[in-house]
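Reading through the structure tokens given below for one structure.
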Amino acid sequence: MRLSRAFLPTLKETPADAQIASHRLMLRAGMVRQTSAGIYAWLPLGWRVLQKVEQIVREEQDRAGAQEILMPTIQTADLWRTSGRYDAYGPEMLRLQDRHDREMLYGPTNEEMVTDIFKTYAKSYRDLPRNLYHIQWKFRDEVRPRFGVMRGREFLMKDAYSFDLDYAGAQKSYRQMFVAYLRTFARMGLKAIPMQADTGPIGGNLSHEFLILAETGESQVYLHRDLLEFDALSQPVDYDGDLSPVMDFWTSRYAATDEKHDAAAWAQVPAERQVSARGIEIGHIFYFGTKYSAAMGLQVAGADGKMVVPEMGSYGIGVSRLVGAIIEANHDEAGIRWPEAIAPFKVAVLNLKQGDAATDALCDRLYAAFDPDAVYDDRADRAGVKFADADLMGYPWQAIVGPRGAAVGKVELKRRATGERLELSLEDAIARIKA
RNA sequence: CGGGGCGUGGCGCAGUCUGGUAGCGCAUCUGCUUUGGGAGCAGAGGGUCGGAGGUUCGAAUCCUCUCGCCCCGACCA
0 MRLSRAFLPT
10 LKETPADAQI
20 ASHRLMLRAG
30 MVRQTSAGIY
40 AWLPLGWRVL
50 QKVEQIVREE
60 QDRAGAQEIL
70 MPTIQTADLW
80 RTSGRYDAYG
90 PEMLRLQDRH
100 DREMLYGPTN
110 EEMVTDIFKT
120 YAKSYRDLPR
130 NLYHIQWKFR
140 DEVRPRFGVM
150 RGREFLMKDA
160 YSFDLDYAGA
170 QKSYRQMFVA
180 YLRTFARMGL
190 KAIPMQADTG
200 PIGGNLSHEF
210 LILAETGESQ
220 VYLHRDLLEF
230 DALSQPVDYD
240 GDLSPVMDFW
250 TSRYAATDEK
260 HDAAAWAQVP
270 AERQVSARGI
280 EIGHIFYFGT
290 KYSAAMGLQV
300 AGADGKMVVP
310 EMGSYGIGVS
320 RLVGAIIEAN
330 HDEAGIRWPE
340 AIAPFKVAVL
350 NLKQGDAATD
360 ALCDRLYAAF
370 DPDAVYDDRA
380 DRAGVKFADA
390 DLMGYPWQAI
400 VGPRGAAVGK
410 VELKRRATGE
420 RLELSLEDAI
430 ARIKA
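According to numbering that gives the first Met the number 0, the first sequence is numbered sequentially starting from 0.
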């Protein structure tokens with residue numbers, strides 16, 4: 000993407016409405032534009048990041064055996080009356096009427112709908128287990144939206160729903176999602192810690208929240224340091240095998256939000272291993288048995304011919320929230336420091352002197368080597384503007400080319416995360432970035 | 001939902017108390033100079049002050065109603 004042709008606006012000054020770092024930086028970097036309280040338009044830079052996050056979520060869901068569908072944003076009130084939640088959900092649900100005065104709603108979640116869909120086709124125990132997910136915009140009419148995309152009213156969520164024949168099967172599905180979540184967040188460069196959680200209004204009796212540590216987190220959390228030091232990607236995962244050991248590792252070390260905090264258990268953790276900090280919730284998984292399958296009338300024939308009500312769970316990741324959370328965990332005074340896996344572009348080519356033949360030539364070759372995963376700052380601006388914008392936008396690599404280096408065929412590489420700088424030949428620079 | 005605050009060019013703000021018909025910085029446009037960390041000089045364009053009603057000779061400033069947004073708390077992916 001050539002910046003001279005791109006819609007990648009930046010702001011020098013911070014809009015007064017933005018309080019926390021991720022919100023400020025998303026506005027300054029031109030990632031989003033607020034259109035009303037808790038509702039955002041995603042501009043090219045933000046949209047690219049959102050899609051990268053979404054894609055990692057998708058790949059790990061698929062790997063874990065879940066299958067992607069896409070359900071609508073608008074649902075009928077009748078579907079929710081069947082489960083009893085139309086009245087129970089309260090004012091957080093955005094209710095609408097169509098031209099025939101039919102009562103509709105903008106979906107805040109999809110247990111009813113997915114169960115209703117699944118019920119139409121699943122007739123036998125052979126149709127189980129299944130796990131269906133979609134990545135779709137949700138709307139929850141929060142009393143108080145805030146923190147930019149971290150607590151919006153409209154937000155992009157991945158929600159998966161598992162259907163199993165019995166409790167043992169449901170536990171297996173739960174563990175699959177548990178492990179898939181660890182991998183998903185680790186791939187984004189995040190240390191996400193699963194913690195025992197309240198099941199909330201969705202109900203059920205087994206639930207974990209996944210949180211990352213960040214000063215601006217909304218929850219107080221307590222955890223064993225082992226959990227921060229373990230690399231969730233270090234071991235291969237066999238989703239058909241027994242995942243209990245993995246889950247046991249994570250659940251045997253202390254980790255809890257203040258709601259579930261147990262002072263006595265916490266005291267058992269060696270003091271030097273105790274970590275108490277603020278956390279941001281980025282995922283939540285529930286097992287809730289037959290709550291919705293029973294309410295929605297889902298039954299399948301068991302092997303013995305008797306009808307069985309399947310056991311369900313649901314598994315959510317706040318995809319748009321993750322963008323904000325990742326920034327909270329990866330920024331400094333100058334701007335964002337994207338982890339490579341979700342960076343909007345891997346490298347920014349900074350041409351410090353437009354029109355200098357040697358400089359232009361080196362930049363062209365660098366850009367060609369990485370397009371479309373590169374931005375080329377070919378604007379008629381001064382060097383300082385380009386440095387500042389590249390730091391703000393947070394591309395993992397800056398390939399800086401000016402007449403001084405170009406005269407001797409050198410490119411200066413700057414690594415955003417560390418500030419490390421290297422002076423390399425064109426070929427070495429390309430190889431270094433690709434490494 | 002309880003408490004607090006704010007709406008004035010794209011962004012950040014002053015002006016409101018003590019009514020007199022809108023100002024500053026950044027950004028934008030033009031020209032010249034400058035060119036490795038958000039340049040300098042000169043010139044230019046852009047708002048009728050969230051909205052409605054009222055008081056007044058006159059309202060961004062006073063009054064009433066209303067809409068929107070933000071912060072703290074309680075609740076949530």
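Think of the CB as a built atom: it goes at the ideal place given N, C-alpha and C, for glycine as much as any other residue.
{"Check": "Say whether the region 295-311 touches the region 115-132, bearing in mind that this needs 3 or more beta-carbon pairs closer than 8 Å, one atom from each stretch.", "Outcome": "yes"}
{"Check": "In the structure shown, what three-state DSSP assignment does residue 430 receive?", "Outcome": "helix"}
{"Check": "Helix or strand or just coil, what does DSSP make of residue 203?", "Outcome": "In this prediction, residue 203 has a pLDDT of 49, which is less than 50 and means its spatial position is unreliable; what the coordinates show is noted afterwards. Note: residue 203 maps to coil in three-state DSSP."}
{"Check": "Could you give the C-beta distance for residue 138 and residue 153, rounded to a whole number, given that I count them as a contact under 8 Å?", "Outcome": "5 Å"}
{"Check": "Counting C-beta neighbours from all protein chains within 10 Å, is the total for residue 6 16 or more, i.e. buried, or is it exposed?", "Outcome": "exposed"}
{"Check": "Could you pull out every unbroken beta strand (DSSP E) segment of at least 3 residues lying fully inside the region 169-196, listed in chain order?", "Outcome": "192-195"}
{"Check": "Ignore the nearest five residues each way along the sequence and tell me which others in residue 203's own chain have a CB closer than 8 Å to its CB.", "Outcome": "At residue 203 the pLDDT is 49, less than 50, meaning the model places this residue with poor confidence; the figure from the coordinates comes in the next sentence. Excluding positions up to five away in sequence, the list reads 285, 286, 287, 288, 290, 312."}
{"Check": "Between the Cα of residue 419 and those of 174, 48, 399, spot the shortest distance and give me the residue it belongs to.", "Outcome": "399"}
{"Check": "Please report the Cβ distance between residue 281 and residue 191, rounded to the nearest whole angstrom; I am assuming they are in contact, meaning their Cβ atoms lie under 8 Å.", "Outcome": "6 Å"}
{"Check": "Can you name the start and end residues of the beta strand (DSSP E) that residue 396 belongs to?", "Outcome": "396-400"}
{"Check": "Once DSSP output is grouped into helix, strand and coil, what is the label at residue 377?", "Outcome": "coil"}
{"Check": "Quick check: the region 69-81 against the region 37-55, are there 3 or more CB pairs under 8 Å?", "Outcome": "no"}
{"Check": "Mapping the DSSP letters down to three states, classify residue 61 as helix, strand or coil.", "Outcome": "helix"}
{"Check": "Going by CA-CA distance only, name the one from 144, 148, 97 that's closest to residue 321.", "Outcome": "148"}
{"Check": "Could you tell me the distance, in whole angstroms, from the CA atom of residue 48 to the CA atom of residue 301?", "Outcome": "45 Å"}
{"Check": "Could you tell me if residue 172 is buried or exposed, where buried requires 16 or more neighbouring beta carbons within 10 angstroms of its beta carbon?", "Outcome": "buried"}
{"Check": "Which partner residues does residue 52 have in the DSSP bridge list?", "Outcome": "Residue 52 is not bridged to any residue."}
{"Check": "Let me know the beta strand (DSSP E) ranges lying completely inside the region 201-263, each 3 residues or longer, listed in chain order.", "Outcome": "205-212, 218-223, 254-256"}
{"Check": "Note down, one range per segment and in chain order, each alpha helix (DSSP H) of at least 4 residues found wholly within the region 284-366.", "Outcome": "290-295, 318-328"}
{"Check": "Going by DSSP, which residues form a beta bridge with residue 275?", "Outcome": "221"}
{"Check": "Please identify the residue among 245, 144, 350 whose C-alpha is closest to the C-alpha of residue 366.", "Outcome": "350"}
{"Check": "Please state the DSSP three-state secondary structure of residue 404.", "Outcome": "helix"}
{"Check": "Whether or not the region 246-260 and the region 214-221 are in contact is what I'm after, with contact meaning three or more pairs of Cβ atoms, one per stretch, closer than 8 Å; do they touch?", "Outcome": "yes"}
{"Check": "Just to check my reading of the structure: residue 391 and residue 334 have Cβ atoms closer than 8 Å, yes? What is that Cβ distance to the nearest angstrom?", "Outcome": "4 Å"}
{"Check": "Let me make sure I understand the geometry here. Which of 360, 356, 337 has the alpha-carbon closest to that of residue 397?", "Outcome": "337"}
{"Check": "Among all the DSSP beta bridges, which residues are the ones paired with residue 145?", "Outcome": "150"}
{"Check": "Is the beta carbon of residue 323 closer than 7 Å to that of residue 277?", "Outcome": "no"}
{"Check": "Strictly by DSSP, which residues pair up with residue 88?", "Outcome": "Answer by DSSP bridge pairing: none, since residue 88 is not bridged."}
{"Check": "Per the DSSP calculation, residue 103 is bridged to which residue(s)?", "Outcome": "75, 95"}
{"Check": "What did DSSP end up calling residue 369 once you bin it into helix, strand or coil?", "Outcome": "helix"}
{"Check": "Spatial neighbours of residue 383 within its chain, please: C-beta separation below 8 Å, excluding the five flanking residues on both sides.", "Outcome": "none"}
{"Check": "Are the CB atoms of residue 156 and residue 315 nearer to each other than 7 Å?", "Outcome": "yes"}
{"Check": "Could you spell out where the alpha helix (DSSP H) holding residue 139 opens and where it closes?", "Outcome": "First-last for residue 139: undefined, no H or E at that position."}
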